[in-house]
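Numbering (this note's numbering), first residue to last: 852 to 1730.
For reference, the structure is listed below as structure tokens.
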Ligand code: BGC
């Protein structure tokens, strides 16, 4: 028996606001092994019973079960139902799957609503929120109603007394001048016949608030605004569109100040009671102003929205040595505090947020730089009041109570973690508690910094989409959560901001306007701008979304061509101002840039980007390009060798990162390989087998070792507990990944006050080594999205068990191994409609699940289909 289950449309369960040619995915359920889909039939219907079929694919011979496009252009703003039937290689025919549904977005360029504002062109300095209110009449029973809305700023929406949806910080942050997302909500159940009231609260957000470490505000405009377009489908078959217009009314409201960096001031006495009820007296409200809109830039939400995802209770409340009262939530995170309070009207609660305590155990905020992260709440009085900020988020583990009326306890506060709503895909648990905590810290680095865009950090006056950070971390991210929608959205903004010559800015959205450090004219930075190639490629390999690769291809090509245009002297790209091996420990005193020469890094990344572009061209069937970039990659490789290796094979730059890049990017000729590895081992020895790498060397150092006969050393590095190492911060109580190896030094003092984030995911990139080498799970780039996976766990480091799972697009993949003495037992599960190569470490295979293994000198491998397999290897070689 075979059955299609877990249906998703655009990778989301029953989404709203999809393209009119949505893409469908499903998984197979079967009690057999080695199950492959041979053909499938899809149906899209206007009704749940499939009596009004809009599109029937008929039975198609096709093994693909992810991102299958709907061939028919569907009507906009309609709920559609879909189902799928499959036939497998065991001659089984499934029943129709359970029906799933989706709602299509508005048609292209059809968001034509007027933007209305409670502010005016001189409101640039205001950080207050405004309230906007509109009434409309529903003439008869509505069958369905879909509300589409967006803002210049951030907004929250209410209809007839209820909040609409649960999206936070909508519409998110995009290149607002060319791409503004609208969100779609099904409001059918909230609508009533007669007069209805919509209310929007709008705050400055990224649009006009203080954003960027240069202290700038009004980056996109001086005035917040809101627009809404509601489609009503009546029972009688007629439709009506209601939009924001000049008849709406505006008012100031309880949010008297709100800034992403600085926090919020809220006066509950100013809440207009029942303001989205028809009986509300609107006489004191003012006229709205209207703003010209450009329908071409308003497009449907194309990534997962931000939501409040988890709640952490306060772990303890204590008085710090300096007398301040501090609440500890036990987890560094991004979001806000949910406050519960009771008191008199006009009483005030104030608190501040921070990530760490200082050496003496006091509340510490210097590393926030100019970000204030403060909340002030004025009570309306008399009842139990619950407050969560509307338009801001903070990075914190602790709050300091600056003012509170009466008694309070830990129960008055909860921490709400907010992040982009990406389903969790991976899990990792092994016998080493430190590594489990490390994986937890990496995951929380991701949760804290995947708030609509991939940010460097969530607390100080940056929170920007730094490209370098994202590219080093993306592969690790792909193991932890489903990154497909998140990166599609961000990569679209990257493409929008790419300069005509192909240059890519340091941060996306490009709030810094092609800022260049050292006050010199902007040039893109190696390892940062390469995100334009690396991020689409990695997203494709781990999610199987070829459309994303196709869409990104022009940007990828333009970036490589940009580097080519800057390269000279045998293709060595040495110009430009680079961040280099950022914050490496071998940097000169007073510099953030590590000792590895930036021209070597730039050439290495030029080679890497060209190589990935070649692979992308092959996958997309662009044969001429594939040949062209293959040749380019060869030429860069030759130039690299000529420039950076002596004729006897010594790599000219004697740093860990130089050797790591030369090895991992395949730039070391085979005759120099041994010497390069030996030197890397030697340099590590000089550091007593500790890291000295920065942002660009760290992600690959364990690979450079494990791929070159030094698995034991990779484990040793990973498991080191003293500074500098991945586990050192854990010994200091870290619950996220730090920006610096020594953010908090062994003596409790800080690395610095100004560049010292305790929630920077870059060094968490090592999680991909943990998943792919300890767990041994990887996706084969030639059959992406784990259509073919490679399962090759490589035990070592004294670890006696590891269970690693991955929710692939096809279903759950499991690698579960234990080691008892020199006997290794493995249980491996491969999802249906995929195949795998299982590679076991060297040893005697005493249980082989009926498979025939081929020995290649290093270990044995076998090809398998879907199913669960058990293996035992005796006398196993463990590093
Ligand atoms: C950020 C980094 C970023 C860097 C550029 C910093 O301020 O926090 O993570 O990549 O600037 O070098």
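Note that the Cβ used here is the ideal one computed from N, Cα and C, for glycine as well.
No experiment lies behind these values; they were computed from the predicted model shown.
Residue 1421 in three-state terms, based on DSSP:
Within the chain shown, numbered from 1, the residue matching residue 1421 stands at position 570. No answer about residue 1421 holds up, because its pLDDT of 46 lies below 50 and its placement is not dependable.
Kindly list the residues whose CB is nearer than 7 Å to the CB of residue 1702, restricted to its own chain and excluding five residues on each side of it in sequence; keep chain order.
Residue mapping note: residue 1702 aligns to position 851 of the chain shown, counting from 1. Same-chain partners within the cutoff: 1713 and 1715.
Cut-off 7 Å between Cβ atoms - residues of its own chain near residue 1344, not counting five sequence neighbours on either side:
For the purposes of this step, residue 1344 is identified with residue 493 of the chain shown, where counting begins at 1. Excluding sequence neighbours, residue 1344 sits near 1025, 1026, 1030, 1359 and 1360.
Quick one: is the Cβ of residue 1615 within less than 7 Å of any heavy atom of the ligand BGC?
As a first step, residue 1615 is located in the chain shown; it is residue number 764 there, counting from the start. Residue 1615: no, Cβ never under 7 Å from the ligand BGC.
Could you check whether the Cβ of residue 1206 sits closer than 7 Å to any heavy atom belonging to the ligand BGC?
Residue mapping note: residue 1206 aligns to position 355 of the chain shown, counting from 1. No heavy atom of the ligand BGC is found nearer than 7 Å to the CB of residue 1206.
For the region 1146–1157 against the region 1189–1202, do three or more pairs of beta-carbon atoms, one drawn from each stretch, fall closer than 8 Å, so that the two count as touching?
Note that the region 1146–1157 does not touch the region 1189–1202; fewer than 3 beta-carbon pairs, one per stretch, sit closer than 8 Å.
One question on the structure: do residue 1580 and residue 1436 come within less than 8 Å of each other, judged by their Cβ atoms?
Here residue 1580 corresponds to residue number 729 of the chain shown, with the count starting at 1. Here residue 1436 corresponds to residue number 585 of the chain shown, with the count starting at 1. In this structure, residue 1580 sits away from residue 1436, with a CB-CB distance that is not shorter than 8 Å.
Would you mind reading off the limits of the alpha helix (DSSP H) that contains residue 1460?
As a position in the chain shown, residue 1460 is number 609, starting the count at 1. Where residue 1460 is concerned, the enclosing alpha helix (DSSP H) stretches over 1449–1470.
Helix, strand or coil for residue 955, going by three-state DSSP, please let me know.
Numbered from its first residue, the chain shown carries residue 955 at position 104. The answer is strand: DSSP assigns residue 955 an E or B state.
Quick one: using the 10 Å Cβ neighbour count with 16 as the cut-off for buried, is residue 1461 buried or exposed?
On the chain shown, residue 1461 is found 610 positions in, with the first residue counted as 1. That one is buried.
Beta-carbon separation (whole angstroms), residue 1075 vs residue 1002, contact threshold 8 Å:
Residue mapping note: residue 1075 aligns to position 224 of the chain shown, counting from 1. Residue mapping note: residue 1002 aligns to position 151 of the chain shown, counting from 1. Yes, residue 1075 and residue 1002 are in contact; Cβ-Cβ is about 7 Å, under 8 Å.
On the CB-based measure, 16 or more other CB atoms within 10 Å of its CB, does residue 1557 come out buried or exposed?
As a first step, residue 1557 is located in the chain shown; it is residue number 706 there, counting from the start. By the 10 Å Cβ count, residue 1557 comes out buried.
Proximity of residue 1100 and residue 1048 at Cβ, strictly below 8 Å:
Counting from 1 along the chain shown, the entry for residue 1100 is found at position 249. Counting from 1 along the chain shown, the entry for residue 1048 is found at position 197. It is not a contact, given that the beta carbons lie outside the stated cut-off.
The region 1487–1506 touching the region 1469–1478, judged by at least three CB pairs closer than 8 Å:
no
DSSP puts residue 933 in a beta bridge; with which residues?
Indexing the chain shown from 1 puts residue 933 at position 82. Residue 933 pairs with 895 and 951.
Quick one: what does DSSP say residue 1535 is sitting in, helix, strand or coil?
In the chain shown, the residue the question calls residue 1535 occupies position 684. In this structure, residue 1535 counts as helix in the three-state DSSP scheme.
With a threshold of 7 Å, establish whether the CB of residue 1495 neighbours any heavy atom of the ligand BGC.
Here residue 1495 corresponds to residue number 644 of the chain shown, with the count starting at 1. The answer is no for residue 1495.
Which residue's Cα is closest to the Cα of residue 946: 915, 940, 934 and 1586?
As a first step, residue 946 is located in the chain shown; it is residue number 95 there, counting from the start. That would be 934, whose Cα lies nearest to the Cα of residue 946.
Decide if residue 911 is buried, meaning its Cβ has at least 16 other Cβ atoms within 10 Å, or exposed.
As a working note, residue 911 is residue 60 in the chain shown. Per the 10 Å Cβ criterion, exposed.
I believe residue 1269 touches residue 1336 by the beta-carbon criterion, under 8 Å. Please report the beta-carbon distance rounded to the nearest angstrom.
Translated into the one-based positions of the chain shown, residue 1269 becomes position 418. Translated into the one-based positions of the chain shown, residue 1336 becomes position 485. Going by Cβ atoms, the distance from residue 1269 to residue 1336 rounds to 17 Å, so no, they are not a contact pair.
Residue from 1028, 1279, 1578 and 1519 whose Cα sits closest to the Cα of residue 1070
The count along the chain shown starts at 1 and reaches residue 1070 at position 219. Here the closest residue by C-alpha is 1028.
Is any non-hydrogen atom of the ligand BGC found closer than 7 Å to the C-beta of residue 1313, if you look at the structure I gave you?
Within the chain shown, the letter at position 462 stands for residue 1313. Flag set: Cβ of residue 1313 near the ligand BGC.
Taking one C-beta from the region 1324–1331 and one from the region 1288–1301 each time, how about it: are there three or more such pairs within less than 8 Å?
yes
Inspect the CB distances between the region 921–929 and the region 966–974 and report whether three or more fall short of 8 Å.
no
Is any heavy atom of the ligand BGC found at a distance shorter than 7 Å from the C-beta of residue 1308?
Numbered from its first residue, the chain shown carries residue 1308 at position 457. Within 7 Å of the C-beta of residue 1308 there is at least one heavy atom belonging to the ligand BGC.
To the nearest angstrom, report how far apart residue 1334 and residue 868 are at their CA atoms.
For the purposes of this step, residue 1334 is taken as the residue at position 483 of the chain shown. For the purposes of this step, residue 868 is taken as the residue at position 17 of the chain shown. Spanning the two alpha carbons is a distance of roughly 19 Å.
Along the chain, where does the alpha helix (DSSP H) that runs through residue 1580 open and close?
Numbered from 1 along the chain shown, position 729 holds the residue referred to as residue 1580. Looking at the DSSP string, the run of the alpha helix (DSSP H) that includes residue 1580 is 1579–1582.
Beta-carbon proximity of residue 1346 to residue 1418, cut-off 8 Å:
What you label residue 1346 is simply residue 495 of the chain shown in a count that begins at 1. What you label residue 1418 is simply residue 567 of the chain shown in a count that begins at 1. It is not a contact, given that the beta carbons lie outside the stated cut-off.
Based on the DSSP secondary-structure assignment, which residues constitute the bridge partners of residue 809?
The question about residue 809 has no answer, for the chain in this structure spans 852 to 1730.
Hey, how far is the Cα of residue 1171 from the Cα of residue 1671?
Working through the chain shown from its first residue, we reach residue 1171 at position 320. Working through the chain shown from its first residue, we reach residue 1671 at position 820. Going by the C-alpha atoms only, they are around 47 Å apart.
Contacting residues, own chain, Cβ-Cβ under 6 Å from residue 1601 (five flanking each side not counted)
As a first step, residue 1601 is located in the chain shown; it is residue number 750 there, counting from the start. Scanning its chain for C-beta atoms nearer than 6 Å, with the 5 sequence neighbours on each side dropped, one finds around residue 1601 the residues 1607, in chain order.
Does DSSP put residue 1391 in a helix, a strand or coil?
Position 540 of the chain shown holds residue 1391. Here residue 1391 sits in helix by DSSP.
Identify, in the order they occur along the chain, each residue of the same chain with its Cβ nearer than 6 Å to the Cβ of residue 1589, setting aside the five sequence neighbours on each side.
Against the chain shown, residue 1589 aligns to sequence position 738. Here the set comprises 1580 and 1609.
CA-CA distance, residue 1203 and residue 1248?
Taking the first residue of the chain shown as 1, we reach residue 1203 at position 352. Taking the first residue of the chain shown as 1, we reach residue 1248 at position 397. Taking the straight line from one Cα to the other gives about 11 Å.
Element boundaries [alpha helix (DSSP H), containing residue 1507]
Position 656 of the chain shown, counting from 1, holds the residue named residue 1507. That run of the alpha helix (DSSP H) goes 1507–1515.
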